[in-house]
Amino acid sequence: MGQSPSAFENVSPLDFRYWAEEVAEYLSEDAFTRYKLRVELALVTVLCRRGLCPEAVVTEIASACEAVTTAEVYAEEDKTRHDIRALVNCVQRRVSDTVKPFVHLGATSFDIVDTANAARYRDVMRKEVIPELIGLETVLIRLTEREADTLQIGRTHGQHAVPITFGFALAEYVSRLGECIVQLSSRASLLPGKFSGAVGAYNASSLFFDDPEVFETEVLAELDLLAHDHSTQIVQPEPLIRLLNEIELVGGVMANLARDMRNLQRTEIGEVGEEFRSDQVGSSTMPQKRNPINFENVESLWKALLGRLVTVHLDQLSDHQRDLTNSASGRMVGELIAICFEMAGRLRRTMAKLTVDRVNLTHNLKVSQGGVLAEPMYIILAALGHPDAHETVKQLTLESQRSEKTLAWVFANRPELAEYRERMTEDQRCVLTDPSAYTGIAAGRAREVAAIWHCRMEKIQAELA
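So for the sequence shown, our numbering puts the first residue at 150; every next one is plus one.
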């Protein structure tokens, strides 16, 4: 948890309670100004390369861009009532009269804004958010490998089902999170920029160049971006929406993991636990409380993330070649990315210090008096030709519960089942008395999933480097 310089004067918790310098380098208003200036510089660089201005113009504009501040731009916008014209004015006042005409030449506002957004959203995803998610994935992979053989009762509908291993349970999230990371990396790389003018028909750049589309490609190449085959005054909204949809999906995976871990911390379950420092307090009135605050916080942040996604979809629509109905809401896109980053970091740190209570894991396996082995008992009886195996085993489980005898004991003492018991193999008998013998391929599958995603994460890290 960090704080921005004016933390307690801000309104949004993202600017004080959940502020992170790492993403602020790309998502803050200062960062937005820097990226817009980079686009302006890319424009004049290509103008120079194409012979419209000398190298000295690029040098002078580059120097001016280094000096412009966001505070200055905002002060200018108070007069112009236009953010990009204010930015241009701040650059122009720092250059000579012969250079001023080349600042913003042939550009419209959203050539600058949408291209700057594409560059900074791509960069923050690839340099901060995805690496943080890979860090969480790495922690989960290690836990999966460590707990691959740790027996746990599987649960469906909140009820005891059949035995698995804790590593197998974690492998689910290794796989789900890993797939999201792959998708995020791909979608971040596909965010488009534009330099096609006020309506997207290259009207302005066509005054200077016979190949305005190639000119656009060259400007965007300065920022390592590509263009779509068509734009209006704005870029097509779908690539960004697809990225933000995937951010919501990875948020949902993290929230699901957090909920599972939180539920496993319940007093009556107690299979895992968050780290709880000696000076930490769980309740203002109940000193014994040790609340799963980090897991709860992750799920709560996901709710905030999901809510903001509705606005993103509403901004998909724009009248004709562009309207201004996203002028305010579009500025809040960065919040989704910042929330995702906070969730990933908090969950990574919490899972890295997760405690696993093997005593309670074993205890919970035994709670049902062996009832969790009803499935293999029914299947074995059916395979041996019993005409109504499912109903028979159901009655055995009810008797076990009434008598407080184990299911295996009840089964062993039913005379009418003697012929089936005699025909069982030694392995089948073992399964009906030992939960560890009925985990399928859980342990092996956990290790396999961990190994698969370890390799895939190494590949993505190499691509990001």
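The C-beta atom is built at its ideal place from N, Cα and C for all residues, glycine as well.
Problem set entry | Assigned exposure category for H231 - 16 Cβ within 10 Å defines buried | exposed
Exercise. Which one or two residues does DSSP pair with L300 in a beta bridge?
Worked result: T314
Problem set entry | Contacts around G520, its chain only, beta-carbon distance under 6 Å, and the 5 residues preceding and following it disregarded | T546 and L556
Exercise. Counting along the chain, where does the alpha helix (DSSP H) carrying V172 start and finish?
Worked result: E170 to L176
Exercise. If we count the other Cβ atoms within 10 Å of its Cβ and call it buried at 16 or more, is Q308 buried or exposed?
Worked result: exposed
Problem set entry | Cβ-Cβ distance between R336 and R391 below 7 Å | yes
For this session: For T574, write down the residues that DSSP places opposite it in a beta bridge.
Result: Note: T574 sits in no beta bridge, so no partner.
Problem set entry | Validate contact between the region 272-285 and the region 321-335 using beta carbons, cut 8 Å, 3 pairs | yes
For this session: Alpha carbon to alpha carbon, how far is Y587 from K543? Give it in angstroms, no decimals.
Result: 19 Å
Problem set entry | Which residues DSSP lists as bridging G342, in chain order | A376
Exercise. Thinking just about the alpha-carbon of each residue, which of D537, D583, S476 and S467 is nearest to the one in W558?
Worked result: D583
Exercise. Is it the case that the Cβ atoms of I302 and L514 are separated by a distance below 7 Å?
Worked result: yes
Problem set entry | Residue burial classification, L577 (beta-carbon count within 10 angstroms, cutoff 16) | Position check: residue 577 holds Gln in this sequence, whereas Leu was assumed. Q577 comes out buried.
Problem set entry | Test item: CB-CB of V240 and V248 under 7 Å | no
Problem set entry | 6 Å CB neighbourhood of S258 in its chain, flanking five on each side removed | I233
Exercise. Quick one, which of I529, G593 and R596 has its alpha-carbon nearest E575's?
Worked result: I529
Exercise. So, G342 versus A256, is the Cβ gap smaller than 7 Å?
Worked result: no
Exercise. Where D260 and T208 are concerned, what is the direct C-alpha to C-alpha distance, given to the nearest angstrom?
Worked result: 22 Å
Exercise. Using CA coordinates, which residue listed in H379, E170 and T287 is at the minimum distance from T604?
Worked result: The displayed chain sequence assigns Cys, not Thr, to residue 604. For C604, the nearest C-alpha among the options comes from T287.
For this session: Could you pull the start and end residues of the alpha helix (DSSP H) that M492 belongs to?
Result: V482 to A501
For this session: Give me the Cα-Cα distance between E367 and V195, rounded to the nearest whole angstrom.
Result: 7 Å
Exercise. Would you call R269 buried or exposed, if buried means 16 or more other Cβ atoms sit within 10 Å of its Cβ?
Worked result: buried
Problem set entry | Cα-Cα separation between T219 and Y175, rounded to whole angstroms | 14 Å
Exercise. Are the beta-carbon atoms of A213 and V262 separated by less than 7 Å?
Worked result: no
Exercise. When DSSP builds the beta bridges, which residues end up paired with V421?
Worked result: V505
Problem set entry | Residue of L533, D227, H535 and A523 minimising C-alpha distance to Q550 | A523
For this session: Quick one: grab the DSSP three-state call for H309.
Result: strand
For this session: Assign K438 to buried or exposed, taking buried as 16 or more other Cβ atoms, counted over all protein chains shown, within 10 Å of its Cβ.
Result: Model confidence at K438 stands at a pLDDT of 49, short of 50, so the residue's coordinates are unreliable and nothing is read from them.
Problem set entry | Distance between beta carbons of I418 and C489, contact taken as under 8 Å | In fact, because the Cβ distance is near 29 Å, the residues do not count as touching under 8 Å.
Exercise. Does the separation of the CB atoms of L406 and Y322 fall below 7 Å?
Worked result: yes
For this session: Starting from the C-beta of M492, find all residues in its chain whose C-beta is less than 7 Å away, skip the five residues before and the five after it, and write them out in chain order.
Result: G400, M403, V447, L450 and W451
Exercise. Below 7 Å between beta carbons: does that hold for V188 and I210?
Worked result: no
Exercise. In three-state DSSP terms, what is L254?
Worked result: coil
Exercise. From T305 to A347, what distance separates their C-alpha atoms?
Worked result: 56 Å
Exercise. What's the call for M150, buried or exposed, on a 16-neighbour Cβ count within 10 Å?
Worked result: For M150, the predicted model reports a pLDDT of 45, less than 50, meaning its position is unreliable; a value from the coordinates is still stated below. Exposed, by the Cβ-count rule.
For this session: Report buried or exposed for N475, applying the criterion of at least 16 other Cβ atoms within 10 angstroms of its Cβ.
Result: buried
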